[in-house]
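S.K.: Residue numbers (my numbering), protein chains in the order written: chain A, 2 to 146; chain B, 2 to 146.
Every residue gets a Cβ at the ideal spot worked out from N, C-alpha and C, and that includes glycine.
These numbers come from a predicted model, not from an experiment.
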DNA sequence: ATTCTAAATGCAAACTATACGCATTTGCAT
DNA sequence: ATGCAAATGCGTATAGTTTGCATTTAGAAT
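1. Please confirm if the region 94 to 101 of chain A is in contact with the region 42 to 60 of chain A, defined as three or more CB-CB distances below 8 Å between the two stretches.
2. With 16 other CB atoms within 10 Å as the buried threshold, where does residue 135 of chain A fall?
3. Rounded C-beta distance between residue 71 of chain B and residue 33 of chain B? I'm assuming under 8 Å.
4. By Cβ distance below 6 Å, which residues in the same chain neighbour residue 73 of chain A in space, the five residues on each side in sequence not counted?
5. Around the C-beta of residue 52 of chain B, are 16 or more other C-beta atoms found within 10 angstroms, so that it is buried, or is it exposed?
6. Return no unless some Cβ of chain B is closer than 8 Å to the Cβ of residue 88 of chain A.
7. Any C-beta of chain B within less than 8 Å: which residues of the region 82 to 115 of chain A qualify?
8. Any beta carbon from chain A within less than 8 Å of residue 77 of chain B's own beta carbon?
9. When DSSP labels each residue in this structure, what does residue 134 of chain A get in the three-state scheme?
10. Helix, strand or coil: how does DSSP classify residue 91 of chain A here?
11. Quick one, which of A:67, A:36 and A:50 has its alpha-carbon nearest residue 14 of chain A's?
12. State the Cα-Cα distance for the pair residue 126 of chain B and residue 131 of chain A, rounded to the nearest angstrom.
13. Any residues in the region 121 to 138 of chain A with a beta carbon nearer than 7 Å to a beta carbon of chain B? Which ones, in chain order?
14. Entirely within the region 36 to 64 of chain A and at least 4 residues each: give me those alpha helix (DSSP H) ranges in chain order.
15. Figure out for me which residue from B:50, B:107, B:91 and B:133 has the closest Cα to the Cα of residue 23 of chain B.
16. Per DSSP, residue 81 of chain B forms a beta bridge with which residues?
17. On the premise that residue 122 of chain A lies in contact with residue 121 of chain B, defined as a C-beta separation below 8 Å, what is that separation, rounded to the nearest angstrom?
18. Using the Cβ count rule (16 or more neighbours within 10 Å means buried), how would you classify residue 12 of chain A?
19. Taking the beta carbon of residue 28 of chain A as the centre, do at least 16 other beta carbons fall within 10 Å, making it buried, or is it exposed?
20. Go ahead and pull the three-state DSSP assignment for residue 105 of chain B.
21. Excluding sequence positions up to five away, which residues of its chain have a Cβ less than 7 Å from the Cβ of residue 108 of chain A?
22. Are the CB atoms of residue 89 of chain A and residue 100 of chain A within a distance shorter than 8 Å?
23. With 8 Å set as the bound, which would you pick, yes or no: does the beta-carbon of residue 144 of chain A sit closer than that to a beta-carbon of chain B?
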């Protein structure tokens, strides 16, 4: 995948192979990925890149605002995804980890109200929703008995 | 602080000193605490307990549903708080880390809608809101220039 | 009250995700 | 083409958390 030649230059970053590869992976995924996810996806494509470098590139992308970082409460690992204008949230099955990306954000109005009430300058939020997916929920109910 | 004598027995757990101390701390706090927070609070009161034990007790409390665990995106540490019927969320200043507990949960209705739409059996969610508190926001704006 | 046993704890060490120091390589301006 | 700052690889350090094992403790049985 080839992005505009000066994409990185505009942000004051060198246009390196590693950064291009990472961005490719992040552009193709619908769900947030951990550093290791990305590392392994690249390895599958026979793209060798050091895990340290993956972390460093991700940190840089976050600093430049290209990527947003969050922490999954389930796995306790950091997750990364492209920072889109219209951010989204995820519904995660606590059994099989299947993840659904939800359309829209239920907190838009709430944040405005909160801003007025608290005088905080609200810059963002993190929301994760948990549950059992249709495939797992029948089995999960059985186990509780 | 003395809770009902058979509080732990009812849940099939031994009534140990450590568990009582941990529960005391969790009952007194308004904000979620990390394992180390709890360990240090106890140390201040000259209550010596091993950090491993703190972790083990917290894991047990979570398994028994007494306590809920979450992961702060800011600090990358696990946080624990009593699992109350009426859960709450927190507004955290990304500069000074001052934390406000918010009344009510803005997701009640949303979760019902989601349940119908996705067929997931929704069991919970995690929400953190970030921003600059009144004290930090003036300074934060200055820095961006 | 004393004894006994499974469960809880302390301690040290392992483990996992992530960060870092330093030598080497690469991108890019000259 | 050349040189230099920035990026990367590699090994190692660190922080948070977990685990194995010996010792202690809670509470049941006597």
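M.R.: From the atom records:
1. Output reads no: the region 42 to 60 of chain A does not touch the region 94 to 101 of chain A.
2. The residue given as residue 135 of chain A occupies position 134 in the first chain. In the assembly as shown, residue 135 of chain A is an exposed residue. Its beta-carbon has fewer than 16 other beta-carbons within 10 Å.
3. For the purposes of this step, residue 71 of chain B is taken as residue 70 along the second chain, with counting starting at 1. For the purposes of this step, residue 33 of chain B is taken as residue 32 along the second chain, with counting starting at 1. Contact check for residue 71 of chain B and residue 33 of chain B: beta-carbon distance about 7 Å, within the 8 Å limit, so the pair qualifies.
4. As a first step, residue 73 of chain A must be located in the first chain, where it is residue number 72. Answer for residue 73 of chain A: 80, listed in chain order.
5. Here residue 52 of chain B refers to the residue found at position 51 of the second chain. By the 10 Å Cβ count, residue 52 of chain B comes out exposed.
6. Within the first chain, residue 88 of chain A is the residue found at index 87, counting from 1. The Cβ of residue 88 of chain A sits no closer than 8 Å to any Cβ of chain B.
7. Under the 8 Å Cβ criterion, the region 82 to 115 of chain A contributes 92, 94, 95, 101, 103, 107, 108, 111, 112 and 115.
8. Within the second chain, residue 77 of chain B is the residue found at index 76, counting from 1. So yes, residue 77 of chain B belongs to the interface.
9. Numbered from its first residue, the first chain carries residue 134 of chain A at position 133. Coil at residue 134 of chain A, not helix or strand.
10. Here residue 91 of chain A is taken as the residue at index 90 of the first chain, counted from 1. It is a strand residue.
11. Indexing the first chain from 1 puts residue 14 of chain A at position 13. Measuring from the Cα of residue 14 of chain A, the nearest candidate turns out to be A:67.
12. Working through the second chain from its first residue, we reach residue 126 of chain B at position 125. Working through the first chain from its first residue, we reach residue 131 of chain A at position 130. Roughly 5 Å separates the two Cα atoms.
13. The region 121 to 138 of chain A vs chain B, Cβ under 7 Å: 121, 122, 123, 124, 125, 126, 127, 128, 129, 130, 131, 132, 133, 134, 135 and 138.
14. Secondary structure within the region 36 to 64 of chain A: the alpha helix (DSSP H) runs of 4 or more consecutive residues, fully enclosed, are 36 to 45 (chain order).
15. One-based indexing of the second chain puts residue 23 of chain B at position 22. Ranking the options by Cα distance to residue 23 of chain B, first place goes to B:50.
16. The sequence position of residue 81 of chain B within the second chain is 80, counting from 1. Paired residues: B:34 and B:70.
17. Here residue 121 of chain B refers to the residue found at position 120 of the second chain. Here residue 122 of chain A refers to the residue found at position 121 of the first chain. Residue 122 of chain A and residue 121 of chain B do not touch by the CB rule: their CB atoms are close to 34 Å apart, not below 8 Å.
18. Taking the first chain and counting its residues from 1, one reaches residue 12 of chain A at position 11. Exposed, by the Cβ-count rule.
19. The residue labelled residue 28 of chain A in the question sits at position 27 within the first chain. Residue 28 of chain A comes out exposed.
20. On the second chain, residue 105 of chain B is found 104 positions in, with the first residue counted as 1. In the three-state reduction of the DSSP assignment, residue 105 of chain B falls in the coil class, being assigned neither a helical nor a strand state.
21. The sequence position of residue 108 of chain A within the first chain is 107, counting from 1. The answer, listed in chain order, is 126 and 128.
22. In the first chain, residue 100 of chain A corresponds to position 99, counting from 1. In the first chain, residue 89 of chain A corresponds to position 88, counting from 1. Taking 8 Å as the cut-off, the beta carbon of residue 100 of chain A is found no closer than this to the beta carbon of residue 89 of chain A.
23. Your numbering for residue 144 of chain A matches position 143 in the first chain. With a pLDDT of 47 at residue 144 of chain A, under the threshold of 50, the predicted position of this residue should be treated as unreliable, though the coordinate-derived value follows. At least 8 Å separates the CB of residue 144 of chain A from every CB of chain B.
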